[in-house]
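This report concerns only the one structure given below.
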Amino acid sequence: MVSCSSAFARRMLMVAAVAGIGLTGAINNAAADAKFQNWIAEFRGTAMKSGISAATYNRAFAGVTEIDPEVLQKAQFQPEFTEPVWGYLDNRVNEQSIATGREMARKYSRWLSAIEKSYGVDRNILLAIWSMETNFGEIMKRDDVMRDAVRSLATLAYADQRRAKYARTQLIAAMKILQTGDIDRSHLTGSWAGALGHTQFIPTSYLAYAVDMDGNGKRDIWNSVPDALATAANLLRKNGWQSGRTWGYEVVLPAGRKFPGGSRTIAEWQSLGVVRANGKAFPHGSEKATLKVPDGRNGPTFLMTRNFFVLKNYNNADKYALGVGLLADQIAGSTGLRQDWNRPFTPITMKEREELQHHLRELGYYDGKVDGKIGTGSRDAIQAFQKQMGLDPDGHPSKEVLTVIRKK
């Protein structure tokens, strides 16, 4: 047994390091804060030229005196581009998200029917986006995740050179939202990157697509689920969503054959020996599709239609769009993939992953949230336990690790 998780140990080292900095660190922080406040004063002119009133600017920056260091830390890690596909999807497409999606489908059935009628976007796609973005709004209740949108965007504009142009544009858009009166200052919150509300719209996208679905006079994607889902539907429709069509098909490739890249009609793919994994016929032979093999030839293979690429207007990552599509299908009643991911371990259920985290916490390896979602803290804890037990420290939430830890 160890006394603490490696993640916890790193935090203790950081505390010690900060304590050692002493007065010099305090002086440096004060200087940094003064520079940030100067930047805020200088940015006022840019905002005014973009139509932001002095009163709105003052309201937006009231109480914003220093950057948010956690925003800069979070900016270094984007899981859709760093995690293996199975790790990314296991955290997002699972029995818990499917069950909650079906529950929300029942709860908001009337609104989903109205949104489908108005925008032509399948309700299950909208529910999957809501799940992927904020876990059906649960993330919006977490102070450790949700940030002040003005402070976050100002932090990125001031201190993140790669994102400065994006952040300046979004910061002005956020102030325009405040100026419209759709949301008050205290509720103008979002992700570290300034994505807003239940369905996580960046401010410029909000201005372009936000909808007052519930008819109360405000486009409130923070507090109105109908507004948030309709806003997502509006974005998809205006970016070319094809009503009544799927996002893609799981397929099986004939063994030993190489396939060309690019887009072809489904009939052309069929002529090359590509068939649906569930054995059913393709409904639209003239529809164009692109072959995607996200986990190699030994993992699931897909023909992606136009709607898949429309989903990428929401988040330009294949893993994200695939997650939305797979989750939507299973909320609708699909049994899931025929070919599982090519994981290097035996997977466990969401409940079993919660159990694993609970055991790791009880043994002193883990101090994070017990939610079944495997992030850096969980992987570090698993690795520490594996090392202690003389196992290969791969950090995977496997059946093998769970079997060993149950005996402790």
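Mapped onto mature numbering (1 follows the signal peptide of the UniProt record, and there is no 0), the consecutive letters of the sequence shown carry residue numbers -19 to -1, 1 to 389.
We put the beta carbon where it would ideally sit given N, CA and C, even for glycine.
(request) Can you say whether R278 is buried or exposed, counting buried as having 16 or more other CB atoms within 10 angstroms of its CB? (result) exposed
(message) Quick check: what's the CA-CA separation for L53 versus Q181?
(response) 19 Å
(request) With A270 as the anchor, note down where its alpha helix (DSSP H) starts and where it stops. (result) Looking at the DSSP string, A270 is not in any alpha helix (DSSP H); the run it does join, the beta strand (DSSP E), is 269 to 273.
(message) Within 8 Å, do at least three Cβ pairs link the stretch 99 to 108 to the stretch 140 to 148?
(response) no
(request) State the start and end residues of the unbroken alpha helix (DSSP H) segment that holds R245. (result) No alpha helix (DSSP H) contains R245, which is instead part of the beta strand (DSSP E) from 244 to 246.
(message) I'd like to confirm the pairing. Which residues does DSSP put opposite V233 in its beta bridges?
(response) V256
(message) Using only the alpha-carbon positions, how far apart do residue 391 and A258 sit?
(response) Outside the modelled stretch of the chain, which goes from -19 to 389, sits residue 391, for which no answer is possible.
(request) Could you tell me which residues DSSP pairs with D129 in its beta bridges? (result) T170
(request) Under 8 Å Cβ to Cβ from I79, same chain only, skipping five residues before and after it: list those, please. (result) L308, Q311, I312
(request) Have a look at the DSSP bridge pairing and note the partners of L284. (result) Y230, L272
(message) Mapping the DSSP letters down to three states, classify L372 as helix, strand or coil.
(response) coil
(message) If I follow the unbroken alpha helix (DSSP H) through D310, where does it start and stop?
(response) 299 to 312
(request) For H377, count neighbouring C-beta atoms within 10 Å of its own C-beta (all shown protein chains included) and say buried if the count is 16 or more, exposed if not. (result) buried
(message) Can you give me the C-alpha to C-alpha distance between F58 and G175, rounded to a whole angstrom?
(response) 15 Å
(request) State the start and end residues of the unbroken alpha helix (DSSP H) segment that holds D208. (result) 206 to 219
(message) According to DSSP, is F289 part of a helix, a strand, or is it coil?
(response) In this structure, F289 counts as helix in the three-state DSSP scheme.
(message) Pop quiz: W111 and L210 are said to be a contact at Cβ under 8 Å. What is the actual Cβ separation, rounded to whole angstroms?
(response) That pair is a contact at about 7 Å.
(message) So, for I386: in the same chain, excluding its five sequence neighbours on each side, which residues have a beta-carbon less than 6 Å away from its beta-carbon?
(response) H340
(request) Answer yes or no: do T286 and A270 have a C-beta to C-beta separation smaller than 7 Å? (result) yes
(message) Looking only at its chain, what residues have a beta carbon closer than 8 Å to the beta carbon of G371, apart from the 5 residues adjacent to it on each side?
(response) So the list is empty, once near-sequence residues are dropped.
(message) Here's a check: name, in chain order, each residue in its chain whose Cβ is nearer than 7 Å to the Cβ of K122, leaving out the five neighbours to either side.
(response) none
(message) With the cut-off set at 7 Å, would you say R218 and D208 are in Cβ contact?
(response) no
(request) Just grab the DSSP bridge partners of L177 for me. (result) G171, F182
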